[in-house]
Amino acid sequence: MADREGYEPSHVPVLVNQVMTLLSPGNGGIYVDCNLGLGGHAERILMESEPDGKLVGFDWDGKALELARTHLARFGKRVVFLRKNFAEIKEALAGVGIDKVDGILLDLGLSSLQLDGGERGFSFRGDEPLDMRMDDRRETTAAHILNTSSEADLADLFYYYGEERQARKIAAAVVEARSAQPLKTTGQLVRIIEQAVPRRFHPKKIHVATLVFQALRIAVNQEFDNLLRVLADGSELLVPGGRFCVISFHSLEDRLVKRFFNGNQRLKVVTKKPVIPTEDECRENPRARSAKLRAATVLV
Ligand SMILES: C[S@@+](CC[C@H](N)C(=O)[O-])C[C@H]1O[C@@H](n2cnc3c(N)ncnc32)[C@H](O)[C@@H]1O
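Residue numbers for the sequence shown, in the working numbering: 193 to 492.
Structure, rendered in structure tokens:
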């Protein structure tokens, strides 16, 4: 289904064969896809757990959930769709009568629909409103954070959530710019960053605004809090032998997952090193480039 004119969101799931091996979905099992997105991984889980495997799918983005519903319609009652934050996994599953599951998948980050298909300010390439909410029912936008936080808080945010070395310079430039007029669009922010960072410090492999955009997105969506909650509560929901698989897209997320898996007494790590996509996969699906997959199983 085309979303907006000329734009077709992609259902190609990242590292899908590796996820199936590690998650090992089977007939009769109950699986949770915490990031339904467009339903790519969910479709494979449902196919591999035929005829009676069940899937509970979370996505707090109403548009993504709508597309996933259409994409997965043929599986009928085997799928339950929840428009909720995956951090609420425990209460949400209790609400549909489930207290134990066989496998949980997290595929963090943005869907192609969010990145390329909307006017939501996730990309530094266009000129869109500085929104960055994956769930438009939430209140705080990127514009709100940029226009109301102190210079010190902005610098911390860019540094700790983006690992941006020029954090102080960029925060100072944001505060100066907003004293003339509030920031409203991604284009304004990109220009501020380009001017604040001296040419010789512009990174070679990524856009100069990449890390600030990452940091803002993490803050707007409270991504680290949500991740820590779903890891803790999710691991308690898994049956002995149950599998937890997580795909992350930057080192801060990957570090949280690695530490959690290594430090949890109930879990045995099954991926000593993270699984990464092949060159072929990266060529065919550039979104896969920075993906890292880690998996753990609950001790029997
Ligand atoms: C990378 S995409 C998932 C793609 C999906 N696995 C597929 O195969 O199409 C990530 C999705 O997770 C959703 N998401 C991110 N954080 C979430 C959260 N805390 N609760 C619920 N959904 C979330 C986003 O809205 C987005 O649609």
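A virtual CB, placed ideally from N, CA and C, is assigned to each residue, including glycine.
All figures in this text were calculated on a predicted structure; none of them were measured in a lab.
Return yes when the Cβ of residue j is within less than 8 Å of the Cβ of residue i, no when it is not.
i    : j    : result
T333 : V412 : yes
D431 : S440 : The question names Asp, yet the displayed sequence has Val at residue 431. Going by C-beta atoms, V431 is not nearer than 8 Å to S440.
V404 : F350 : yes
A279 : L230 : no
A388 : A372 : no
L297 : C226 : yes
G232 : H203 : yes
Do residue i and ligand 1 come close, with the Cβ less than 7 Å from some heavy atom?
i    : result
F278 : yes
S371 : no
P466 : no
L375 : no
M212 : no
D251 : yes
A256 : yes
D299 : yes
P205 : yes
L408 : no
S440 : no
G426 : no
Q306 : yes
S303 : yes
N418 : yes
G245 : no
Distance check for residue j and residue i, CA to CA, integer angstroms please.
i    : j    : result
A509 : D244 : This structure cannot speak to residue 509, because the chain is shown only from 193 to 492.
R329 : D299 : 21 Å
R421 : E428 : 11 Å
E476 : D417 : 32 Å
K361 : A335 : 19 Å
D195 : G295 : Low local confidence applies: a pLDDT of 41 at D195 is under 50, so the model's placement there is unreliable, with the coordinate-based value given in what follows. If you take the alpha carbons of D195 and G295, they lie about 31 Å apart.
K465 : S342 : 39 Å
D323 : R312 : 5 Å
T377 : L491 : 49 Å
I290 : D253 : 23 Å
L302 : E368 : 30 Å
E197 : G218 : Confidence is the limiting factor: at E197 the pLDDT is only 45, short of 50, which leaves the residue's position unreliable, though a coordinate-based value still follows. Answer to the nearest angstrom: the Cα atoms are 39 Å apart.
P395 : I384 : 16 Å
R370 : L444 : 29 Å
Y199 : K276 : Unreliable placement is indicated for Y199, whose pLDDT of 48 sits below 50; the coordinate value is still reported in the next sentence. Looking at the two C-alpha atoms, the distance is approximately 26 Å.
D507 : L419 : Past the edges of the chain, shown from 193 to 492, lies residue 507, and the structure says nothing about it.
M239 : L207 : 16 Å
R458 : V224 : 19 Å
T489 : I410 : 27 Å
R325 : D472 : 32 Å
L338 : D345 : 10 Å
For residue i, which residues from the same chain have a beta carbon less than 7 Å from its beta carbon, with the 5 sequence-adjacent residues on both sides left out?
i    : result
H399 : F316
A487 : L214, R435, F436, C437, V462 and T463
E386 : V400
N456 : S427
G318 : T378
Can you find the residues in the same chain that come closer than 6 Å, C-beta to C-beta, to residue i, ignoring five residues on each side of it along the sequence?
i    : result
V467 : Q210 and L485
Report back the beta-carbon spacing between residue i and residue j to the nearest angstrom; my notes put them in contact at under 8 Å.
i    : j    : result
L214 : V462 : 7 Å
G426 : I281 : 5 Å
V288 : V272 : 6 Å
Which same chain residues end up closer than 8 Å to residue i when comparing Cβ atoms and leaving out the 5 residues on each side of it in sequence?
i    : result
R481 : P469 and C474
P478 : none
D348 : A359
E356 : F350, I362, L403, V404 and A407
K246 : G221, I222, Y223, R270, V271 and V272
Indicate, with yes or no, if ligand 2 has a heavy atom lying under 7 Å from the CB of residue i.
i    : result
L429 : Ligand 2 is not part of this structure, which contains only ligand 1.
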